[in-house]
Amino acid sequence: MFRTEDRHSLRQYALTASTSGDHPISAEAANDRVRITQLHPATDVPKRSKRRDNGYIKRPMNAYIIWARKHRSVLAEANPTASQGEISEQLGIEWRKLSEEEKMPYFAESHRLKMEHQQQFPDWEYKPRSRQRKQVSVVAAPEPTAPQNNLMFT
Numbered sequence: 001m002f003r004t005e006d007r008h009s010l011r012q013y014a015l016t017a018s019t020s021g022d023h024p025i026s027a028e029a030a031n032d033r034v035r036i037t038q039l040h041p042a043t044d045v046p047k048r049s050k051r052r053d054n055g056y057i058k059r060p061m062n063a064y065i066i067w068a069r070k071h072r073s074v075l076a077e078a079n080p081t082a083s084q085g086e087i088s089e090q091l092g093i094e095w096r097k098l099s100e101e102e103k104m105p106y107f108a109e110s111h112r113l114k115m116e117h118q119q120q121f122p123d124w125e126y127k128p129r130s131r132q133r134k135q136v137s138v139v140a141a142p143e144p145t146a147p148q149n150n151l152m153f154t
C-alpha cells in the first residue's frame, strides 16, 4: 500500500506529532495501516460504494429503462455539459413525446425480459422497501406573554 519511504516518513511524523498536543503517537500506531479515503469535492463527504450482496436479484427492465439505456449516451454526447439529472429529465420528456406505436417495441422487449426473468427465478417476488421518512422537528412559535395593544396614549 505504501512505499518504504512513505512508511518511514509516516513513522517519523508519528513519533514527533501529537494528536491533541498532549500525547505523542506511539511507534506502534505509526506502523498500523492507514486507510485513505478520497472525499467527494462537492460535499467533502466520503463516498460509500454501493455493493449488493451476491444473492441479490435485479428486477427486469421496464420499457422506459430499455429505451433510456439506448438513448442516454446519444443525449449525453449531444449535451456534454449537462448533468445526469438534466439528461434524465430530458429523457423523460422525450419518452412522453413518443407515440404508443413508437413505444411498442420497447414494451415487447420489456415483456420478453419479464418472462425470461420469471422462468429464471420462479420464486422471486418484487418487494419494494418502504421509504424512510426524515424526522421533521416542529418549532413552536413563542406565545405572547401579555396581550399587546397597538393603541398609543398621549
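Numbering (full-length UniProt numbering), first residue to last: 1 to 154. We put the beta carbon where it would ideally sit given N, CA and C, even for glycine. Note that the structure is a prediction, hence the values are computed from the model and not measured.
Q.
Quick check on DSSP: helix, strand or coil for leucine 98?
A. Counting from one through the sequence shown, the residue named residue 98 turns up at place 98. Secondary structure at leucine 98: coil, using DSSP grouped into helix, strand and coil.
Q: Return the chain-ordered list of same chain residues with a C-beta closer than 7 Å to the C-beta of serine 20, the five sequence neighbours on each side being excluded.
A: The count along the sequence shown starts at 1 and reaches residue 20 at position 20. The predicted position of serine 20 is uncertain, since its pLDDT is 40 and thus under 50; a value taken from the coordinates is nonetheless stated next. Nothing listed; no residue qualifies.
Q: Rounded to whole angstroms, what's the CA-CA distance from methionine 61 to proline 128? Just pull it up for me.
A: Along the sequence shown, one-based indexing puts residue 61 at 61. Along the sequence shown, one-based indexing puts residue 128 at 128. Whole-angstrom Cα-Cα distance: 15 Å.
Q: Could you check the C-alpha separation between tyrosine 106 and leucine 113 for me, to the nearest Å?
A: By 1-based counting over the sequence shown, the position of residue 106 is 106. By 1-based counting over the sequence shown, the position of residue 113 is 113. If you take the alpha carbons of tyrosine 106 and leucine 113, they lie about 10 Å apart.
Q: With DSSP as the reference, label glycine 92 as helix, strand or coil.
A: The residue given as residue 92 occupies position 92 in the sequence shown. Residue state, collapsed to three classes: helix.
Q: Answer yes or no: do alanine 68 and serine 110 have a C-beta to C-beta separation smaller than 7 Å?
A: Position 68 of the sequence shown, counted from the start, is the residue given in the question as residue 68. Position 110 of the sequence shown, counted from the start, is the residue given in the question as residue 110. Contact: no.
Q. How would you write the range of the alpha helix (DSSP H) that glutamate 77 sits in, first residue to last?
A. Residue mapping note: residue 77 aligns to position 77 of the sequence shown, counting from 1. From DSSP, the alpha helix (DSSP H) with glutamate 77 extends over 63-78.
**Q.** isoleucine 87 - DSSP class collapsed to helix/strand/coil
**A.** Within the sequence shown, numbered from 1, the residue matching residue 87 stands at position 87. DSSP places isoleucine 87 in helix when its eight states are reduced to three.
(Q) Determine whether the beta carbon atoms of alanine 76 and isoleucine 87 lie at a separation below 7 Å. (A) Numbered from 1 along the sequence shown, position 76 holds the residue referred to as residue 76. Numbered from 1 along the sequence shown, position 87 holds the residue referred to as residue 87. The criterion of a C-beta distance shorter than 7 Å is satisfied by alanine 76 and isoleucine 87.
Q) What is the DSSP secondary structure of phenylalanine 107, counted as helix, strand or coil? A) Taking the first residue of the sequence shown as position 1, residue 107 is located at position 107. The answer is helix: DSSP assigns phenylalanine 107 an H, G or I state.
(Q) Just to confirm before moving on: does the CB-CB distance between tryptophan 124 and isoleucine 57 stay below 7 Å? (A) The residue given as residue 124 occupies position 124 in the sequence shown. The residue given as residue 57 occupies position 57 in the sequence shown. Yes, Cβ-Cβ distance for tryptophan 124 and isoleucine 57 is below 7 Å.
**Q.** 7 Å Cβ cutoff met for tyrosine 126 and arginine 59
**A.** Start at 1 with the first residue of the sequence shown, and residue 126 comes out as number 126. Start at 1 with the first residue of the sequence shown, and residue 59 comes out as number 59. Yes, the pair counts as a contact, with Cβ atoms nearer than the cut-off.
**Q.** Same chain only: Cβ atoms within 6 Å of glutamate 28, ignoring 5 sequence neighbours per side
**A.** One-based indexing of the sequence shown puts residue 28 at position 28. At glutamate 28 the pLDDT is 44, less than 50, meaning the model places this residue with poor confidence; the figure from the coordinates comes in the next sentence. For glutamate 28, where only same-chain residues beyond five positions count, there are no Cβ hits under 6 Å.
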